[in-house]
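In the working numbering, the protein residues as written are -11 to 334.
Note that the Cβ used here is the ideal one computed from N, Cα and C, for glycine as well.
As the structure is a prediction and not an experimental result, all values here were calculated from the model.
These notes are about the structure you will find just below.
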Amino acid sequence: MKKILVTGGLGFIGSHTVVELQNEGFEVVIIDNLSNSSEEVLGGIVAITGKKPIFEKMDLRDKASVTAFFAKHSDLEGVIHFAASKAVGESVENPLLYYENNLGVLVYILQELQKKGNANFIFSSSCTVYGQADEMPITESAPVKAAESPYGNTKQVGEEIIKDTCKVNPQLAAIALRYFNPVGAHPTVEIGELPIGVPQNLLPFITQTGIGLREQLSVFGDDYPTEDGTCIRDYIHVVDVAKAHVSALQRLLTGENQSNYEVFNLGTGKGSSVLEVIQSFERVSGEKLNYRIAPRREGDVIQAYADTQKANEVLGWKAASSLDDAVKSAWEWEQKIRKADKEPSV
Ligand code: UD1
């Protein structure tokens, strides 16, 4: 069994990826500091796969612990690196936290992989690197635009750090996956998204409004130059995103990669407006959503959806779920976790 390290493996995308890796027969070691996740997620992973991954609670900013970990697990065949901070607003308030968490840690891990020699590395990047792209759909060769936030900057600089490192380490192979908007939950509803505090992202805000936890959704702007005036994004089911990581890892493990640093978009190729996401929610839940049109949110791009040809053809992966499938799973997950909240503890 090939042993794979998943950093941030108890987070939203990380946990779904651990499930897919275990389903494909990999042995998984998770490192997570539980800053934006919970140990209970392990129970969900076990419920789905019947297998308990190795879990090490660790803060990767502690360089000595990172070195000790890699010495202990010298048989690792790949690293999928999710552990990072991801709140845009927080990154503006506290940029050094983001540079330390998202870039300092990346450097520590790459130093260990460089020492190892042969190593395979998958990086969580984001479509945020494209900013407002000039052409839709967005291909991987679209220019990287100046970042709108320290968070966005960490993804751009993170990619550059990996690229520069790969250039001088031919035995190191890396793939950066640029996610569009991952949403939804595992169809078993054993794992899903667990936003802390008021969600900043659209879908958790919608489901929390639907369940009555939030009064009303604010739609940030309806005067954009799009068909219905609201912004357009490429919402992709988190299970599809997770499966793409397994495909990317297999590509590196089998040596099919054409260069030792590659980049792929992970999206569905279909753009949906904010109002279309609301309609999808109303369709799958049978509930009316309380929303109002509010002013634009600073930093939002008008539209972003992926050209998926490269991932489809080169990676041999394609998003399988529709927007309704993803929204339905997010709604079922919301209902499950809120029901659990209301049940008296025994
Ligand atoms: C956001 C981040 C992006 C990051 C991604 C990670 C910003 C500006 N962008 O992307 O850098 O990579 O999350 O998950 O924060 N919306 C509403 N009302 C809400 C929330 C969202 O109308 O309460 C709208 C937004 O204006 C946007 C769409 O819904 O048009 C999607 O928003 P969101 O889920 O925050 O994703 P992004 O903005 O694409």
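* Range of the contiguous alpha helix (DSSP H) that encloses Met237 -> Note that residue 237 is Leu in the sequence shown here, rather than Met. DSSP places Leu237 in the uninterrupted alpha helix (DSSP H) bounded by 226 to 241.
* To do: Measure the Cβ-Cβ separation of Val352 and Gln10 and say whether it is below 8 Å.
  => Outside the displayed span of the chain (-11 to 334) sits residue 352, for which this structure offers no information.
* Segment limits, alpha helix (DSSP H) that includes Leu85 -> Counting along the chain, the alpha helix (DSSP H) containing Leu85 begins and ends at 83 to 86.
* **Selected residue, minimal CA-CA separation from Asp336, among Leu182, Pro131, Lys155** => The shown model of the chain, from -11 to 334, leaves out residue 336, and the question about it has no answer.
* Asked: Between which two residues does the beta strand (DSSP E) containing Ile281 stretch?
  -> Where Ile281 is concerned, the enclosing beta strand (DSSP E) stretches over 279 to 282.
* Same chain, Cβ closer than 7 Å to Asn90, neighbours up to 5 away in sequence not counted -> Ala72, Ser73, Thr142, Gly146, listed in sequence order.
* Nearest to Val76 (by Cα), restricted to the options Pro187, Pro138, Thr256, Gln120 -> Of Pro187, Pro138, Thr256, Gln120, the residue nearest in Cα terms is Pro138.
* **Completely contained alpha helix (DSSP H) runs for the segment 253 to 310, where each covers 4 or more residues** => Within the segment 253 to 310, the complete alpha helix (DSSP H) runs of at least 4 residues are 262 to 273.
* Take the Cβ of Asp228 as the centre, count every other Cβ of all protein chains shown within 10 Å, and call the residue buried at 16 or more, exposed below. => Buried, because 16 or more other Cβ atoms sit within 10 Å of the Cβ of Asp228.
* Could you give the distance in angstroms between the alpha-carbon of Gly255 and the alpha-carbon of Phe58? -> Going by the C-alpha atoms only, they are around 32 Å apart.
* Asked: Can you check whether the CB of Leu277 is closer than 8 Å to the CB of Gly180?
  -> For the 8 Å CB-CB criterion, Gly180 and Leu277 do not form a contact.
* How would you write the range of the beta strand (DSSP E) that His69 sits in, first residue to last? -> Counting along the chain, the beta strand (DSSP E) containing His69 begins and ends at 64 to 69.
* To do: May I ask you to verify whether the segment 153 to 162 touches the segment 290 to 310, counting CB pairs closer than 8 Å and requiring at least 3?
  => Between the segment 153 to 162 and the segment 290 to 310 there are fewer than three C-beta pairs closer than 8 Å, too few to call the two in contact.
* Cβ atoms of Ile126 and Tyr118: under 8 Å apart, would you say? -> The Cβ-Cβ distance between Tyr118 and Ile126 falls below 8 Å.
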